[in-house]
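Sequential numbering from 1 applies to the sequence shown in our numbering.
Just so you know, even glycine gets a beta-carbon here, dropped at the ideal spot from N, CA and C.
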Amino acid sequence: MGGMPLNDMPWWRWRSNVRSALHMISDPVFQREVWGTGRPGYGDVTDAVYRLVEDTWLDNWSAEKYVGTIFRDSQEAALVDVAVLRVLKILHQVGADAPAASYLEHHGWPEAVRAAREAHLRLAVADGDDPDSPPRSLEVLAIYTRSA
Numbered sequence: 001m002g003g004m005p006l007n008d009m010p011w012w013r014w015r016s017n018v019r020s021a022l023h024m025i026s027d028p029v030f031q032r033e034v035w036g037t038g039r040p041g042y043g044d045v046t047d048a049v050y051r052l053v054e055d056t057w058l059d060n061w062s063a064e065k066y067v068g069t070i071f072r073d074s075q076e077a078a079l080v081d082v083a084v085l086r087v088l089k090i091l092h093q094v095g096a097d098a099p100a101a102s103y104l105e106h107h108g109w110p111e112a113v114r115a116a117r118e119a120h121l122r123l124a125v126a127d128g129d130d131p132d133s134p135p136r137s138l139e140v141l142a143i144y145t146r147s148a
């Protein structure tokens, strides 16, 4: 464990974005109360999916590529890969601009949530964070990643 300075840019910011996305995708209560009602400040499901892959290109290659930078070890990378694949599969089926309900009611969504939860747990615990705290708003995430 350890050995990766937390503010080693840009990896640290990328890790924060990936963690934010996994956190939101892993939390059904958050999804019901925030995405389901369209509460502002957190983005929508599509935003979370893009946050997962936009800087990392994890839709093109394995998280294994980032072991030692974004991810601490192969186990983190493997869990992230499973979550990304499950989420992207649903994105491709429902379409990029689909409403939250299209994701949340998709037959594959519980599996995506479970995979995201496993990845979220491992990454949060490795970073010394409480995995069961609620997801941060995008504003707080932006302040947090800027302040590095």
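Unbroken alpha helix (DSSP H) run spanning residue i, endpoints
i	result
Trp35	Premise fails: Trp35 is in no alpha helix (DSSP H) and is neither H nor E.
Thr145	138-146
Asn17	11-25
Leu121	109-126
Leu104	100-104
One or two residues paired with residue i in a DSSP bridge
i	result
Val45	The partner list for Val45 (beta bridge, DSSP) is empty, contrary to what the question assumes.
Val67	Phe71
7 Å CB neighbourhood of residue i in its chain, flanking five on each side removed
i	result
Glu64	Ser74, Ala77
Val113	Ile25, Ser26, Pro28
Val67	Asp73, Ser74, Ala77
Sequence-distant residues of its chain with Cβ nearer than 6 Å to residue i (five each side left out)
i	result
Ser102	Val94
Ala116	Leu22, Ile25, Ser26, Ala83
Residue j beta carbon less than 8 Å from that of residue i
i	j	result
Val84	Leu123	no
Thr56	Val18	yes
Ser16	Leu121	no
Gly41	Glu118	no
Trp14	Ile90	no
Phe30	Pro131	no
Ser20	Arg136	yes
Close-in-space but distant-in-sequence residues of the same chain around residue i (CB under 8 Å, 5 per side omitted)
i	result
Ile143	none
Pro10	Asp55
When you compare the region 29-41 with the region 86-97, are there three or more beta-carbon pairs, one atom per stretch, that lie closer than 8 Å?
no
Stretch-stretch touch, CB-based, cutoff 8 Å, three pairs: the region 105-115 with the region 52-66:
no
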